[in-house]
Amino acid sequence: MSSVEQQYDTLDEMEEEKLEVKISNTTHTGANVKLNAETEAVLNSIILDRNTVNGPLTINVLPAKNAAEDHNAALHDYTEISLRLQQKLKQDYQRILVGSCLSWGSSSILILIVLLIPELIFIFENNIYYRATVENRSIRLVSTGKEGVIFNGLSDWLYEVEIFKSHIAHWWSPDGARLAYATINDTLVPRMEIPMFTGSVYPTARQYHYPKAGEENPVISLYVVNLNGPLHTVEMRRPEDQRIGEYYVTMVKWATSTKLAVNWLNRAQNISILTLCVATTGVCTKKHEDESEGWLHRQNEEPLFSKDGLRLFFTRAIPQGGRGKFFHISMSISQPNSSTDTLQSITSGDWDVTQVLAYDEDSQLIYFLSTEDDPKRRHLYSADTVGTFNRRCLSCDFTDSCGYVSGFFSASMDYFLLSCKGPDVPYVSVYSTHDRQKVRDIELNLNLRRTVNSMQMPKLEYREINIEDYSLSMQILKPAGFIDTSHYPLLLLVDGTPGSQSVSEQFHIDWASVLVSSFGVIAVRFDGRGSGFQGTNLLHKVQRRLGMFEEKDQLDALSILIQEPFIDKTRIGAFGQVYGGYVTSLLLSSEDSMLKCAAVLSPITDFALYASAFSERYLGPPKPDRRAYEMANLAYRASQFIDKKFLIIHPTADEKVHFQHTAKFISRLISERANYTLQIYPDEGHFIHNEGTRQHLSQSLVNFFEECFRLPDRVFEEALEEESEEEVFSSLPVSHADSETAPASCSCLGSPSGAPHYPSTLDRPRPCSAAWHLAGATSSRSPRQASYELLKVLGVSGLSITLTNETLRY
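Using full-length UniProt numbering, the first residue of the sequence shown is number 1, and each one after it goes up by one.
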């Protein structure tokens, strides 16, 4: 029980305590009210005062008594109070975001911020409706919406998954006086049908617009509607640049209450223009332009602005020598009464700024996350925005267990919340910005930490591998009881999506961790050419050649790794999903393949069938030259899957990588008489939400690789061929009761002489180990007892052994 729960038996008792309520709008006007009365009086004060405050309100609710030591419980109680405020104020304030962010008071006590804005919008049948207050009638702001075809204020499929990466396509101005929204028209976009097989006697189909490579794309327009006074809607006009042509809008963010930043990207995704648009006129002024010989990466990241909107901070790729371009912070300064902007680079080096977090105008410091310490790490830094742009790391010297962080700053910039995401169990704490001293732990994940400490977790190792002119990162997961004289199977975990990163210090547990911990498997992740955060030269190597370098780099990495004496070269498998499934399929079918087996989940098999924004980004348009698409098509590898152990898993209602990918690929495998195993999940989508189905998927993968990695029963099978059944058992030595030496027949294990060490059940080659077990048995055991022990160790289903005229079958 938290201290708050101990102090107050009921919420009403808590409300009777003195509350401090601060009311302010975005222009920092308002009133401070300090009352010893009940919450009702506070609420009445807020209601009475509301007419003197324009725009959004921020209400800080803080019990006069000290906050609970358990801040999670305190947050819960604050949220309850906020909900009571919501009930009291619902007649005056309709749009209420409870717990939208955190703030810290002068006494370093956690406070819940509740943002209240009188206005309300809602979207019905893809049309936007507005209410000034709950008493007012709803006003339809736009009436062009058409369900599933024309989207106002919401993303269609392509924008939600590939561009905005959010279903939200509307943006309130800071003062709530204006609303920017996107209209996305899918009229010309071809429809995709997803069959649904369960739930009715006849299958049904779900349709939606899905643009594949080279097909018609959605058309997007951006508008701003003025909500104060007569409704007035203005379209933001894209830059007059013939190179843009057909375009995407990749980012929208308000800079001030009257200006918003918009990023325009051409369909080929190699030219972008960042503009600042005036909401009242729709005129968009160019602030920065980017052009690339490859594709432009990270185009949906939001910039930061100073309060007056004159300083703009954003990341862009800047040349840094032989490794190409790296993403760094640029500052654009607008001069009043001048059309010329000053552009300065605040950071530089062969490392990436991964996120710009906050700008402190008082200290003129910019805060950001970067890979300066190591590409697989993320640390929090600050840099001066004047003078020599000195930077310093705020999180590098906290602990070795915190190498991968994210951050969030309070509105006053006095405190920051640091979320440590690895390599140890994640935790969240609050620190002072001024001296970096810890103020409070918010979440320590103690239950998870205790669970992890009680388990045999994998040991993590990191290596750098030199391939051609590149030094590439590898992560190795070894069993807790690893012994370098044993032989272990190897599982390669493949992603390879351009710009992604598989090797990092984030804390991670999945089904592969089970294989490592419970079945003595070594798992490996590797970032080759095409991966992110190591410069654009490495990133753009895969341009128009998807799969070529990823396959080569993964095989080269395996070639280096299998030179280790603890790797069993005969037991190597791989797993990947989506793009990783594509690369895994290439690895299995390669002429130089070292894989014994592979499993793929929702693999991309033909990029002509995949989303336009993704495929065209890396392969260009499929017309007029389809060679890049044909070279990347898995169908041309079908004949190389003969006699391969290949598991394909695909949900039938996958809306991102359609089952069509697997169906067409399997058709080609059948024509080539290639081997495969198919496992489907009826009516499940790309992201499997059903807990039972996710568990079934994990168990299926564990079972598949467990079976693949079992050692063959060579010795016992050879013995059956060469000797009669009686001779087999008579040949098994039983006179080594006190000996720890295994018989010579176990030499097939590749273990040193003497009793072999088996890291896991997978490494017990059942006939040979059975012989060793029987050799260690006492001679007083009967043949029947010995046979039962043999059968128990063998575990070979369906094997029949004859002994003294008795047949034992299992």
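Positions of the beta carbon are idealized from the N, C-alpha and C atoms, including for glycine.
This structure is a prediction, so every number in the text was calculated from the model and none was measured.
- Gly148 has no beta-bridge partner at all, per DSSP.
- Looking from the CA of Leu448, the closest CA among Gly481, Gln501, His487 and Ile509 belongs to Ile509.
- For Met251, the closest alpha carbon among the candidates Thr183, Ile163 and Gly176 is that of Ile163.
- At a Cβ-Cβ threshold of 8 angstroms, Phe326 and Gly535 count as neighbours.
- According to the DSSP assignment, Asp435 belongs to no beta strand (DSSP E), since it is labelled neither H nor E.
- For Ala628 against Arg544, the beta-carbon gap comes to about 5 angstroms, under 8 angstroms, which counts as contact.
- Around the beta carbon of Gly321, fewer than 16 other beta carbons lie within 10 angstroms, which makes this residue exposed.
- Leu678 and Arg238 have their alpha carbons spaced roughly 48 angstroms apart.
- Ala598 and Gly547 have their alpha carbons spaced roughly 16 angstroms apart.
- Scanning Glu468, Asp414 and Cys393 for the CA closest to the CA of Tyr404 turns up Cys393.
- Phe507 is positioned such that its CB atom lies no closer than 8 angstroms to that of Pro621.
- In the structure shown, the three-state DSSP call for Cys597 is strand.
- Counted as a single uninterrupted DSSP element, the alpha helix (DSSP H) harbouring Met631 occupies residues Arg627 to Met631.
- The beta carbon of Ser517 sits closer than 8 angstroms to those of Met455, Gln456, Met457, Pro458, Pro479 and Ala480, all from its chain and outside the five residues before and after it, given in chain order.
- For a cut-off of 8 angstroms, the C-beta gap from Ser348 to His328 is around 6 angstroms, short enough to register as a contact.
- Contact between the stretch 685-705 and the stretch 665-672 is absent: fewer than three C-beta pairs spanning the two stretches fall below 8 angstroms.
- Comparing alpha carbon positions, the residue from Glu216, Ser166, Pro195 and Tyr681 closest to Asn185 is Glu216.
- By alpha-carbon distance to Val262, the top candidate from Gln269, Ala268 and Trp254 is Trp254.
- Contact between the stretch 196-207 and the stretch 580-599 is absent: fewer than three C-beta pairs spanning the two stretches fall below 8 angstroms.
- Relative to Ala213, the option among Ile649, Tyr618 and Ser531 whose CA is nearest is Tyr618.
- Residue pairing of Leu418 in beta bridges, as defined by DSSP: Gly407 and Ser429.
- When C-beta atoms of the stretch 576-584 are compared with those of the stretch 487-503, three or more pairs fall below 8 angstroms, so the two segments count as touching.
- In the three-state reduction of the DSSP assignment, Phe314 falls in the strand class, which pools E and B.
- By the beta-carbon neighbour count (other beta carbons within 10 angstroms, threshold 16), Asn136 is exposed.
- Relative to the Cα of Lys645, the nearest Cα in the group Asp360, Phe566, Asp484 and Asn675 belongs to Asn675.
- Beta-bridge partners of Met251 (DSSP): Asn263.
- Going by C-alpha positions, Ile318 is about 11 angstroms away from Gln344.
- Under the DSSP assignment, Val583 falls in the alpha helix (DSSP H) whose first and last residues are Tyr579 to Ser589.
- Annotation for Asp441: Ser429 place their beta carbon closer than 6 angstroms to its own, counting only its chain and skipping 5 residues before and after.
- According to DSSP, Ile649 shares a beta bridge with Leu601 and Gln679.
- The beta carbon of Glu461 sits closer than 6 angstroms to the beta carbons of Ile476 from its chain, once the five residues preceding and following it are set aside; these are given in chain order.
- Ile560: member of the alpha helix (DSSP H) spanning Met548 to Leu561, first to last residue.
- Within the same chain, Cβ atoms closer than 8 angstroms to the Cβ of Ser370 are found at Thr347, Trp351, Asp352, Val353, Thr354, Arg378, His379 and Tyr381, the five residues on either side in sequence being excluded.
- Taking Arg673 as the centre and dropping the five residues before and after it, the same chain places the C-beta of Ile642 closer than 8 angstroms to its C-beta, in chain order.
- Short of 6 angstroms from the beta carbon of Gly145, and not among the five residues preceding or following it, lie these beta carbons of its own chain, in chain order: Glu125, Asn126, Asn127 and Asn152.
- Excluding five sequence positions before and after Leu515, the CB atoms of its chain that fall closer than 7 angstroms to its own CB belong to Leu491, Val521, Ala523, Val702 and Phe705, given in chain order.
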